[in-house]
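Report on one structure; see the data block that follows.
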Amino acid sequence: MTLRKYGIIGFPLSHSFSPKIHNQAFADLKISAHYEKIEIPPKQFNPKIETLKKESWSGFNVTVPYKTAIIPYLDKLDEAAKHIGAVNTIRVLDYGKWQGFNTDYKGFLKPIDAFKGALKTCLVLGAGGAARAVSIGIVSGLAAQELTIANRTLKKAEELTGRLLSNQTLKCYPCQIEAIPAGQFDLIVNTTSVGMGAREKQNILDVRPFAHSKTLVYDLIYNPSETQFLKTARQTGLKTLNGLPMLVYQAEEAFSIWTGKRFPDKLLSFFLNPLYHHPLS
3 MTLRKYGIIG FPLSHSFSPK IHNQAFADLK ISAHYEKIEI PPKQFNPKIE TLKKESWSGF
63 NVTVPYKTAI IPYLDKLDEA AKHIGAVNTI RVLDYGKWQG FNTDYKGFLK PIDAFKGALK
123 TCLVLGAGGA ARAVSIGIVS GLAAQELTIA NRTLKKAEEL TGRLLSNQTL KCYPCQIEAI
183 PAGQFDLIVN TTSVGMGARE KQNILDVRPF AHSKTLVYDL IYNPSETQFL KTARQTGLKT
243 LNGLPMLVYQ AEEAFSIWTG KRFPDKLLSF FLNPLYHHPL S
């Protein structure tokens, strides 16, 4: 039986749980496949992707900082990826053609489904590939009324806001992180890498001036399980959620694209166990 190869493309990848999740799923479902890390420093990105396109792979996940940079190398994009402008999943088709998908927005929404009616005003920190998926998720799945996108550079926040302006029911505001307008948000989401790896001790934002007692604070980072961003929010008494549930649910969507199968229930239960992430409290 031929062993199919899958991998995650990104940099850095020391924190990634994706191999654990997908390899466990392959084992549980008795699929002859293996999933590995493909860590590519930015200066090596172009030649490495060209090499991968000549090799025998069946699919990839794509994570920071390459969710938009990968697009020129794709032969096809599904509609969601086109709309979002970022790709986190690739399926290798016949003759080595690569098709891009975005499963991040579904993964982002699923853990907060029970809250969606109450999340009317939202603040997204960051304007990269993950922020695009989160913002589209907010527009399409939360029925929010206002969305503020705050980024280190104003230009990228303005570009993302412009992408969302076709939705006439939602008011969008771009700003720099240092100039977030006064107000209290129902949902605050960190989509940046601040709080992870070499920046683990950093806090992207003190949420306290921008939160009310029922604000949900959501960090897409899952390793460490509690960033400084979430720790401050939790100590203030706010509801917090890290990125592990999103990781698992977007991974299940990618797995389905590759194999046509969903994750076994026991795998979902194991990886979504509260021991692995800081649950909503």
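Residue numbers (this note's numbering): 3 to 283.
Glycine included, C-beta positions come from ideal geometry on N, C-alpha and C.
Which of helix, strand or coil DSSP assigns to residue i
i	result
Arg6	strand
Tyr75	helix
Leu207	coil
Thr150	strand
Thr171	coil
Pro176	strand
Ile285	What is shown of the chain runs 3 to 283, which leaves residue 285 out entirely.
Ile182	coil
Pro247	helix
Ser227	coil
Ser271	helix
Ile233	Reading off the sequence shown, one finds Lys at residue 233, where the question assumed Ile. Residue state, collapsed to three classes: helix.
Pro266	coil
Gly87	coil
Gly131	helix
Glu255	helix
CB contact flag (residue i, residue j, <9 Å)
i	j	result
Glu38	Tyr8	yes
Phe28	His36	yes
Leu284	Leu121	Residue 284 is absent from the structure shown; the chain starts at 3 and stops at 283.
Leu174	Leu166	As written in the sequence, residue 174 is Cys, which differs from the Leu given in the question. Yes; because the gap between Cβ atoms is below 9 Å, this pair is in contact.
Lys143	Tyr107	In the sequence as presented, Lys is not what sits at residue 143; that position holds Gly. Closer than 9 Å, so yes.
Phe51	Ile11	Here residue 51 turns out to be Ile, not Phe, going by the sequence shown. Against a cut-off of 9 Å, the Cβ pair of Ile11 and Ile51 comes out as a contact.
Thr70	Ile259	no
Val196	Tyr220	no
Ile40	Lys263	no
Ile114	Leu222	no
Leu127	Ala133	yes
Gly185	Phe212	yes
Leu95	Asp80	no
Ile151	Leu162	yes
Phe117	Gly139	no
Ala159	Gly131	no
Per DSSP, the bridge partner or partners of residue i
i	result
Asp221	Asn192
Gly102	Leu79, Ile92
Phe187	Ala213
Ile11	Ile40, Val64
Extent of the continuous beta strand (DSSP E) to which residue i belongs
i	result
Lys241	241 to 243
Arg93	91 to 94
Tyr37	35 to 41
Gly61	61 to 64
Leu125	123 to 127
Residue i, enclosing alpha helix (DSSP H) - first and last residue
i	result
Leu15	Looking at the DSSP string, Leu15 is not in any alpha helix (DSSP H), and its letter there is neither H nor E.
Asn48	47 to 56
Lys112	Taken as a continuous stretch (DSSP letters only), Lys112 belongs to no alpha helix (DSSP H), as it is neither H nor E.
Lys1	Absent from the structure is residue 1, since the part of the chain shown begins at 3 and ends at 283.
Lys22	20 to 30
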